[in-house]
Each structure stands twice: as structure tokens, then as C-alpha cells.
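Under the numbering used here, the first residue of the sequence shown carries the number 650, and numbering increases by one thereafter.
Backbone N, C-alpha and C fix where the C-beta goes; we use that ideal spot for every residue, glycine too.
All values reported here derive from a predicted model rather than from experimental measurement.
Structure record follows, encoded as C-alpha cells.
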Amino acid sequence: MDKYGIIGFPLSHSISPQIHNLAFKTLKIDAQYEKFKIDPSDFENAISYIKTRGWKGFNVTIPFKERIIALLDEIDPISAEIGAINTVKVSGNRWIGFNTDYLGFMRPLENDLNNINSALVLGAGGAARAVVYGLLEKSNIKNLIIANRTKSRAEKLLQSLKNTIKVNIDIIDLNDVYKPDIPINLIVNTTSVGMGALKEETPVKILKKFNNSIIYDLIYNPKKSKLLQLAQAQGCKIINGLPMLIYQADESFKIWTDKHFPEMVINNFLS
Ligand code: ATR
């Protein structure tokens, strides 16, 4: 039996094992996907242990998507530019790193791409890197605004994506998102404001000026964050993080097995 897994901390709420194991079962692939929680203070030791587990591939989630890079033998060029890795393929003894988050992120936007000229991305962490890369490479946007609590982090993000940038990009403070005059067609929340202890909070206020925007929150637990609730009440189109989660998993699965998820697996989690 082939083995696959996910590393991260915490992992208790991850549904990746359910998704991948359903796909293996449906496609009659003799494989099992398991969780392996790693305490960040024990990362290097735990990684040596993982080398002995015989995994053929694994996912990497918070908070290790950047830290794993130093331990890879090879990295896909696009993923190197994004600077965050969520998928590792084990080939012999070699670890090859990929980012499938940016593809997963773009999937639910496919039918809206012609209507998106200006986007506002909230946050500048690992998830924001994949979002910004996806928008720059796979949409026709003309203006991109990145708003982060820590401005220097957004500047660093842009610095590392400089080869991909073909549009006008502004970096602003989170408190200034109401100021730009251009109509914004898409707002993406990549911050953790709206989940866990911050469940009752929103990263920005949904004002009238955002009424014609698509509001896309990468949070999927809760399914409808406070931000999405307020946006929906104002008539905005809303998207949560569940499709991104399923489609990034589908792209990881393709890297490992050369097969996409059967439609039934996707429908099982999205409907
Ligand atoms: P991920 O990999 O999910 O992107 P991350 O790299 O830890 O996680 O990034 C978290 C993002 O949420 C960052 O943009 C962070 O802002 P800072 O760069 O200023 O830390 C943002 N964030 C987290 N808590 C926040 C809060 N209470 N208010 C505003 N932004 C917050």
C-alpha cells in the first residue's frame, strides 16, 4: 500500500485525509493518506522521522509552507517564485516541492475573470503569495492593491514576485482600504481574521462602495465568515475557501498519481 500524508500544526481540523482517501477508494488505488502533527519547535527532528515513513508524497500546511523549502532537493520554478510549498512529491529519495494553492484559488473565479479589473488582497502571508501569483498569471487584472497590517511584509512579497508583475500594484495599510477611488471588482481575504479566536471579526468593513465586488474569503471554517455574511447581506457575490481547498488537493493528487479527482469526490465536499 502506498502512503501519503500531511504535516502541519495544528492539524485536528484538517479534512485533507478524508478528501484524498475518498479519491483513492473511488479510483481503487491501494493507498492511505495520514495526518502527522509536528510541533514547530521539533520540526527538523520530525522531518528526519518522516523520511523513514515511506510516504510517496505529502502536503504541507500552516506553519511550514516556507520552512520546508530549505529541506527540498528540487523545487518547481513557479513554486520557487511564489515562495511557499504545499505539496511534496517523493521521487526515490528526492523531495520535489510544488505549490498547488494558486491553481486551487483561481478555480472558483474562472467564470468571472472577464469582469475582474481591479483586486484588493488583504494580507501578505503564505496564502497571499499564492493568491497574488494566481491573479497576476491567470487573470486580466490591471490594478492590484495589497493591504496588510505589516506593510514591510507586503513589500517583501512583491520583491520576491517581481518577475511576474505586469500590472500596477499598490501596497497600503489595512486601515486605508476605503480610500482608493478605483472601483474594486474582487476582494480576497487571506488573513486569519474571521476564524478561530477572531471568528466574530472582519478584516475590513463591507461598505456600499464594495457592493459590486466579489468577496472571496479563504476561510472555510466557519463556512460563512463574518465578512462573507456582511457581504452577502449587501448583495455581493461571495466565495469561501472550500473550493480552493478541494481544488488544491486535486492538483496535489494529480502530481502524485497522474490522475485528477473523480467528479464525485469534488461534489461530495462542495455540495
Ligand atoms: P498564511 O500562510 O495563512 O498566509 P501567515 O503567513 O501567518 O498565514 O499570514 C497571516 C496573515 O494574516 C498576515 O497577512 C497577517 O498580517 P501580518 O503580516 O501583519 O502579521 C494577517 N493577520 C493575522 N492576524 C491579524 C489581525 N489580527 N489583524 C490583521 N491582520 C492579521
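Item                                                                                                                                                                                : Value
Give me, in chain order, the residues of the same chain whose beta-carbon lies closer than 7 Å to that of residue 877; leave out the 5 immediate sequence neighbours on both sides. : 864, 866, 887, 889
If you check the beta carbons only, do residue 695 and residue 652 fall under 8 Å apart?                                                                                            : no
Restricting to runs no shorter than 4 residues, where is the alpha helix (DSSP H) found entirely within the stretch 743 to 777?                                                     : 750 to 755
Going along the chain, which residues of its own chain have a beta-carbon closer than 7 Å to the beta-carbon of residue 761, five neighbours each way excluded?                     : 863
Would you mind working out which of 804, 765, 669, 775 sits nearest residue 831, comparing C-alpha positions?                                                                       : 765
Return the first residue and the last residue of the beta strand (DSSP E) that residue 713 is part of.                                                                              : It is not in any beta strand (DSSP E) - residue 713 carries neither H nor E in the DSSP assignment.
Report the partner residues of residue 844 according to the DSSP bridge assignment.                                                                                                 : 842
Just to confirm before moving on: does the CB-CB distance between residue 773 and residue 733 stay below 8 Å?                                                                       : no
Do the CB positions of residue 714 and residue 753 come within less than 8 Å of each other?                                                                                         : no
Taking three-plus beta-carbon pairs below 8 Å as touching, is the stretch 843 to 862 in contact with the stretch 799 to 816?                                                        : no
Any C-beta of chain D sitting closer than 8 Å to the C-beta of residue 682?                                                                                                         : Absent from the structure: chain D. Only one protein chain is present.
Rounded to whole angstroms, what's the CA-CA distance from residue 820 to residue 786? Just pull it up for me.                                                                      : 19 Å
Tell me the DSSP secondary structure of residue 849 in three-state form.                                                                                                            : coil
Consider the C-beta atom of residue 677 and the heavy atoms of ligand 1; say whether any pair is separated by less than 7 Å.                                                        : no
What residue does the beta strand (DSSP E) around residue 896 start on, and which one ends it?                                                                                      : From DSSP, residue 896 is part of no beta strand (DSSP E) but of the alpha helix (DSSP H) over 891 to 906.
Determine the extent of the beta strand (DSSP E) in which residue 681 is found, giving its start and end residues.                                                                  : 680 to 686
Which runs of the alpha helix (DSSP H) at least 4 residues long sit entirely within the stretch 864 to 890? Give them in chain order.                                               : 875 to 882
Under a three-way DSSP split, which group does residue 660 fall into?                                                                                                               : coil
Taking only heavy atoms of ligand 1 into account, decide whether any of them is closer than 7 Å to the Cβ of residue 823.                                                           : yes
From the DSSP output, in three-state form, read off residue 854 for me.                                                                                                             : coil
Would you identify the three-state DSSP class for residue 828, choosing helix, strand or coil?                                                                                      : coil
Please identify the residue among 898, 731, 670 whose C-alpha is closest to the C-alpha of residue 811.                                                                             : 731
Could you work out which residue in 756, 658, 687, 841 is closest to residue 915 when comparing CA atoms only?                                                                      : 756
Output the residue ranges of the beta strand (DSSP E) runs that lie fully inside the stretch 719 to 743 and measure 3 residues or longer, sorted by chain position.                 : 736 to 740
Under a Cβ-count criterion, where at least 16 other Cβ atoms within 10 Å of its own Cβ denotes burial, should residue 740 be classed as buried or exposed?                          : exposed
Roughly how many angstroms lie between the CA atoms of residue 868 and residue 784, to the nearest whole one?                                                                       : 18 Å
Looking at residue 818 and residue 771, is the spacing between their C-beta atoms short of 8 Å?                                                                                     : no
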